[in-house]
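The listed protein sequences correspond, in order, to chains A and B.
Residues in the first sequence are numbered from 145 upward in steps of one, following the numbering used here.
Residues in the second sequence are numbered from 522 upward in steps of one, following the numbering used here.
We put the CB at the ideal spot given by N, CA and C, even for glycine.
In this text the structure is predicted, and so the values were computed from the model without any measurement.
Working notes, beginning with the structure itself.
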Amino acid sequence: MSERRSARPEGAAEEAPSTGDVRRAAISQIAFNALLFIVFLVLFVRAGTLPDSAWEPLGAGAFPRLALLVAMVFNALIIASEIRQLRATRCGGEAGRSPITPWLWRHRLVAATLGVFGAYTLTLPALGFRAGTFIFLLAAQLLLGPRALGARLVMLVIAAVFAFGVDALFREVFSIMLPRSRLF
Amino acid sequence: MPDAFLMGAGELLSLGTFLTMLVGVIAGVIAAAIPGFTITMAIVLTLPLTFHMPALQGVATMLAVYVGGFTGGLISAALLGIPGTPSAVATTFDAYPMARGGEPGRAIGIGIWASFFGTLVSTLVLMMAAPPLAMVALKLGAWEYFSLIVFAMTVVAGLVGASVLRGLLAGAVGLVLATIGQDPMMGVPRFTFGLDVLAAGLPFLVVLIGLFAVSQLAGEVEDAEQIQRGKALVGVQVRFRPWQSLREVLSRPVNLLRSSLLGVFIGAVPGAGGSIANLLAYDQARRADADPERFGTGVAEGVVASEAGNSATAGGGLIPLIALGIPGSAVDAVLMASLMVHGISVGPRLMWDNGELVYGMFLAMIVAAFMMLFVCLLSMRLFLRVTAVPKHILVPVVLACCVVGAYSLNNRATDVFLLFGIGVFGYVLRKLDYPLAPMVLGVILGPIAETNLRRALMNNEDWTLFLTRPVSAALLALAVLSIVLTVRHRWRGQTRSTSEA
């Protein structure tokens, strides 16, 4: 039922996590929840400055404060649970080796793809849908795909057909104007 | 009544209406199958095309898009792990693992038949029980609505993920995200920090697309070597055996009927039902199973429950619309708009003043279900070819579709910026093993929970009414029971695995 289970590579057997993996996971959870806790605390204080209403006992800030309080309680419980996990696992021979660099290297394509996607979304108003989407599709396919010339020609065609075809479809059939370029 | 039925049938069963309905079903399937496009967008795009049609033909066409869209959502949920709408979230739990396990044809086949039967059951219930069911739904006050949302959140949080705490946190984060933007009662800006991108809040469809689609697609490109070798989604030959899938669905009659009925009854609750019906149906199927741990690994029971429950909300959502003139969901609101454009006054007297229209709508649902079955069984081998498309093409194209979907909702560039930000956040959550379904539901249900909480207290400041009103108390008790049972079940599982080790 876990989404992690569904993303396992096909045919791969589930290996038991090592002590180092368990400790790293616990530290990640603690750091993430601590960060969330701080953010929620700031928002909780800010919600206290929202105005009350003359017509109801709860004002604009009541429900957000309730939700934030509940979230902070869960943050604290998760942190406590992960600290217990850390104490229960001993530090093995993997101590001292930073896992960050190997992790970043393993996820280099994800970072690059999200980077290209981020650039696409941010430049969409300036470049417009057709140019922006064409550049994004070409760049992303080149980043992810094989380097053969034939494959690259296919990528070019797909980028052009999608960028210009979808724009025409939405404009002519659905009367929806996708973003126009501000530059040209 | 027989006269109205015959008149409705006569108007519906014409070549022109059949053709527009067939086009509607195909459009619904395709639109919802493309991640990011959603059923809501498909229906909204259909609305202006129906202005020049007679009232029943226009509504029947939109219902055809609606019915087709539920099955289209199954395709992206099963093949890509991306639900086309909130009502397809539960479908990803088992249809996606089944597809990635080498059986995408089986996942889709089971889903199509379960959708078909779910739609038929919901239409039959709609025809027989619309007015009394609507009266029951009408008795739900603000207290009951709030308690229903609390119950739904606890069920969902316990349903997914390895950790109940993380599921509950995800739901709470969704509730927090839903408070960004304008306060629903006073219009006061909250947590916007003066930024335009946050001024309108976080549209729940953008959150859905960002959390599920963008994060899922980012996860698909983790294995650099396989991507650059041109790996596709499924590496084995895809088989589609519809008749075997039919046997599998019919061999689970209790699950099918229970999930369909649950989908109808919960779908009849205006505003909230459609999003949670499929999850509640899935939860009930899991609890009733002899081996609940199988759920989430790609079992047929999970697909049957989620798709039957999901499709049954189509009929369920029409119940308050037809009986009371209250739309059950955003899609029903668009249907209502279509009727109003044609000069039909939608209210409690709809069935008496426009009986032929109402019976025509019932028949349209049945006809649309058969059309959906026909279209999907014929075209599914084509859709399944998606599994053969290399990821280096599929991922960028689907990301671009998500941008189109997010932008088209409100024609706002800020929604596209939000899509990226939420997508990155969703990926981080996936890596840290947080379930995303509770968060999406928190965003959808948060405003409903807040509005009803504040309305309840505005009516009567007595907090104890949440506990003394019978339906509200029952729902809150179910919420507590849901958490207790889930925690106890997990604790027992952990104790068992510790003693076996």
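LYS952/B and ALA885/B have their C-alpha atoms roughly 44 Å apart. For GLY579/B, same chain residues with a beta-carbon under 6 Å away, outside a window of 5 residues either side, are THR571 and SER859 in chain order. Taking the Cα of LEU527/B as reference, the smallest distance to any Cα among LEU842/B, LEU878/B and ALA739/B is reached at LEU878/B.
When DSSP states are grouped into helix, strand and coil, GLY788/B belongs to the helix group. In this structure, ALA809/B is the residue among TRP764/B, ARG760/B, ALA809/B and VAL961/B with its C-alpha nearest to the C-alpha of SER780/B.
CA-to-CA, the gap between GLU743/B and GLN749/B works out to about 11 Å. Between ALA994/B and GLY926/B, the alpha-carbon positions lie close to 40 Å from each other. The contact set of GLY262/A on chain B, defined by CB atoms closer than 7 Å, consists of PHE941 in chain order.
Contacts with chain B (Cβ-Cβ distance below 8 Å) from the region 190-219 of chain A involve ARG190, ALA191, LEU194, PRO195, SER197, TRP199, GLU200, PRO201, LEU202, GLY203, ALA204, GLY205, ALA206, PHE207, PRO208, ALA211, LEU212, VAL214, ALA215, PHE218 and ASN219, listed in chain order. Sequence-distant Cβ neighbours of VAL565/B in its own chain, meaning closer than 7 Å and more than five residues away, are VAL855.
If you check each beta-carbon in the region 905-920 of chain B against every beta-carbon of chain A, the ones closer than 8 Å belong to PRO911, LYS912, HIS913, ILE914, VAL916, PRO917, VAL918 and LEU920.
Close CB contacts of LEU801/B within its chain, under the 8 Å cut and outside five residues either way in sequence, are with ALA673, VAL676, LEU783, ILE787 and GLY830 (chain order). In terms of Cβ geometry, VAL888/B and LEU540/B do not form a close pair [threshold 8 Å]. Burial is judged here by how many other beta carbons sit within 10 angstroms of a residue's own beta carbon; ILE547/B has at least 16 and is buried. Residue nearest to GLY594/B within the set GLY626/B, THR606/B, MET583/B and ALA585/B is THR606/B (criterion: CA-CA distance). DSSP places LEU696/B in the uninterrupted alpha helix (DSSP H) bounded by 685-699.
For PHE176/A, the residues of chain B that pass the 7 Å Cβ criterion are LEU953, in the order they occur in the chain. The closest CA to that of PHE712/B, considering only PHE181/A, ILE223/A and LEU194/A, is found on LEU194/A.
ILE244/A does not reach chain B, its nearest Cβ partner there being about 13 Å away, counting only Cβ pairs nearer than 9 Å.
Straight-line measurement puts the Cα of VAL671/B at about 13 Å from the Cα of PHE207/A. Around the C-beta of SER643/B, 16 or more other C-beta atoms lie within 10 Å, and the residue is accordingly described as buried.
Sequence-ordered contacts of the region 703-729 of chain B with chain A read ASP704, MET706, MET707, VAL709, ARG711 and PHE712 [C-beta pairs closer than 8 Å]. Between GLY692/B and GLY947/B, the CB-CB gap reaches or exceeds 8 Å.
Segment contact: the region 832-845 of chain B against the region 645-654 of chain B, three or more CB-CB distances shorter than 8 Å; contact assigned. Not a single CB atom of chain A sits nearer than 8 Å to the CB of GLU665/B.
Here GLN765/B is exposed: its Cβ has fewer than 16 other Cβ atoms, across all protein chains shown, within 10 Å. Annotated three-state conformation of GLY819/B is coil, per DSSP. The beta carbon of ALA256/A lies closer than 8 Å to those of LEU287 in the same chain, with the five residues before and after it left out.
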